[in-house]
Structure formats: C-alpha cells, structure tokens
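Count along the sequence shown from 1, then add 200; that gives the number in our numbering.
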Amino acid sequence: MSIYLVIGVAIILNDRNGFLFELQRKEKWKRAPDGVIEIGMSCIGGTIEEGESLEGALRREAMEEIGCRVTLDGSVKPFSMDPAGNVSSLPPGSVPDGVQFLWEGNDPGFVPGAKVAVYAGYAIGRPAPGDLSAIATLKPDLFNEFATEAFTVEGLEKRGGIIEERVRIPRAARVKPVGTAARLLELRSRYPELLKLILGASAGPSG
201 MSIYLVIGVA IILNDRNGFL FELQRKEKWK RAPDGVIEIG MSCIGGTIEE
251 GESLEGALRR EAMEEIGCRV TLDGSVKPFS MDPAGNVSSL PPGSVPDGVQ
301 FLWEGNDPGF VPGAKVAVYA GYAIGRPAPG DLSAIATLKP DLFNEFATEA
351 FTVEGLEKRG GIIEERVRIP RAARVKPVGT AARLLELRSR YPELLKLILG
401 ASAGPSG
C-alpha cells in the first residue's frame with residue numbers, strides 16, 4: 201500500500217530484443233503544427249481501477265496490452281520525481297516493494313498531486329499488441345537517441361526498432377515519448393545514476 205495518491209502504474213519492460221514500449225491507440229494520435237501525425241510512445245501500463253493494488257493493476261494492464269505476464273524486479277532506493285523533474289528519496293515503507301519511482305505530471309487533465317508508480321521487470325512469454333495500436337521494441341541506444349532526435353515510424357524501423365502492429369500505422373508518423381518514457385529520458389539526462397540503479401546490470405535506457 202502507498203501513502204501517496206497513485207492513479208497509474210507503468211513498467212520498464214525488458215524483452216529479449218530490447219525494451220518494450222506501447223504506441224498509443226489511434227484515438228490519441230495528434231496532428232502536429234507541421235502537419236505530421238504524432239503518436240505517443242510510453243511504457244506498458246495504465247490507470248488503477250477501484251479496489252486494485254498497484255501490482256494487481258500493472259499485471260492486468262500487461263495482460264490487456266501485450267497478452268503477457270510480467271516478473272518484477274525489487275526496488276533498491278525508490279524515489280519521487282516532481283513535475284519539474286526534481287527527484288527526492290521516498291521514506292522507507294511508503295510504497296510497495298518493487299516500485300522503483302513515482303512521478304507526478306502537470307499535463308492538462310492530470311490530477312494535481314497524483315502520481316504514477318513505475319516498476320521494472322521482464323515479460324514472460326511473447327508480447328503482442330492487445331488493445332494497443334502497436335508495440336515497439338527498441339535497443340537502449342536507440343531509445344537514448346530520442347533525447348536529441350525525432351523519429352518517424354519508418355526511421356525507427358530503419359535503425360533496428362521492431363514495430364508490431366494491431367492496426368496499420370503510417371510510416372511517416374512521428375513517434376513522441378510521453379508519460380513514463382519521457383520521464384526516463386529526463387532521468388537519463390539529469391540523474392543517470394538513478395536510472396542505472398533501477399536497471400542494474402541490464403544497461404537499459406541509461407546508455
């Protein structure tokens with residue numbers, strides 16, 4: 201149980217070929233000012249339903265989104281990330297074991313003070329897009345390049361990214377890290393030692 205208002209969960213998910221991300225459903229796609237379709241990319245996860253535990257919500261979301269069970273890593277030094285990107289340690293026992301960090305957003309519609317709990321772990325079985333438009337598997341170095349470069353779907357595929365679709369996605373659409381994926385890039389830039397601690401020897405999206 202958490203002493204914080206946690207409304208969502210996500211997982212930094214390690215798969216055989218890299219790290220696994222979701223591409224948002226079609227109804228969430230946006231057209232940028234330059235006319236290009238933008239598709240948000242984030243970590244597997246979603247909102248917590250009434251009566252669910254954080255871990256229960258995460259396991260349900262994983263089954264709905266990728267049809268897989270997940271195994272979770274333990275947490276070492278959980279921390280919180282505020283809307284400005286600043287981090288602070290969490291008191292012992294303030295979040296369930298396995299929560300790596302909490303982040304709080306300031307996007308329109310985000311509940312002030314509400315947080316998303318982020319786990320890390322591995323997929324059990326072969327992930328496939330369930331109720332998502334697609335899933336993307338990216339090697340750590342490719343994910344890191346989002347910090348300085350914009351990618352289209354076609355560009356990601358040319359660089360070795362694996363896109364598995366449930367619905368056809370325009371190859372010219374631009375992929376934009378949002379939610380937990382955007383926070384991972386911020387951690388990599390400002391607090392790389394924390395991200396390395398979360399991911400351990402896997403050398404995940406910390407480079």
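Each residue gets a CB set at the ideal place from its N, CA and C atoms; glycine is no exception.
**Q.** Contact between the stretch 260-270 and the stretch 282-295 (3+ Cβ pairs under 8 Å)
**A.** They do not touch, by the three-pair rule.
Q.
Using a 10 Å radius around the Cβ and a threshold of 16 neighbouring Cβ atoms, would you call residue 344 buried or exposed?
A. Residue 344 comes out buried.
Q.
Helix, strand or coil for residue 218? Go by DSSP, reduced to three states.
A. Three-state DSSP puts residue 218 in a strand.
Q. Between which two residues does the alpha helix (DSSP H) carrying residue 275 extend?
A. Secondary structure note for residue 275: it is in no alpha helix (DSSP H), with a DSSP letter that is neither H nor E.
Q: Return the CA-CA distance between residue 223 and residue 351, expressed in angstroms with no decimal places.
A: Their backbone Cα atoms lie some 13 Å apart in a straight line.
**Q.** Neighbour-count burial assignment, residue 295, 16 or more Cβ in a 10 Å radius
**A.** Buried, since its Cβ has 16 or more Cβ neighbours within 10 Å.
Q: Tell me, please, which residues DSSP counts as bridged to residue 369.
A: Residue 369 is not bridged to any residue.
Q. In whole angstroms, what separates the C-alpha of residue 315 from that of residue 358?
A. The C-alpha of residue 358 is placed about 35 Å away from the C-alpha of residue 315.
Q: Return the chain-ordered list of same chain residues with a C-beta closer than 7 Å to the C-beta of residue 387, the five sequence neighbours on each side being excluded.
A: For residue 387, where only same-chain residues beyond five positions count, the Cβ hits under 7 Å are 394, 395.
Q: Leaving aside the five residues before and after residue 203 along the sequence, list all residues of the same chain whose C-beta is less than 7 Å from its C-beta, in chain order.
A: These residues qualify, in order along the chain: 294.
Q) By DSSP, does residue 317 sit in helix, in strand, or in coil? A) Of the three classes helix, strand and coil, the one that applies to residue 317 here is strand, per DSSP.
Q. Do residue 211 and residue 321 have their C-beta atoms within less than 8 Å of each other?
A. For residue 211 and residue 321, yes; Cβs fall inside 8 Å.
Q. Given a threshold of 16 other Cβ atoms within 10 Å of its Cβ, counted over all protein chains shown, does residue 421 qualify as buried or as exposed?
A. A query on residue 421 cannot be resolved here, the shown segment of the chain reaching from 201 to 407 and no further.
Q. What number of angstroms, rounded off, separates the C-alpha of residue 329 from the C-alpha of residue 378?
A. Using only the alpha carbons, I get a separation of about 18 Å.
Q. In terms of residue numbering, what span does the alpha helix (DSSP H) encompassing residue 261 cover?
A. If you look at residue 261, you'll find it in the alpha helix (DSSP H) that goes 254-266.
Q.
What does the alpha-carbon distance come out to for the pair residue 364 and residue 382?
A. When rounded, the separation of the alpha-carbon atoms in residue 364 and residue 382 is 21 Å.
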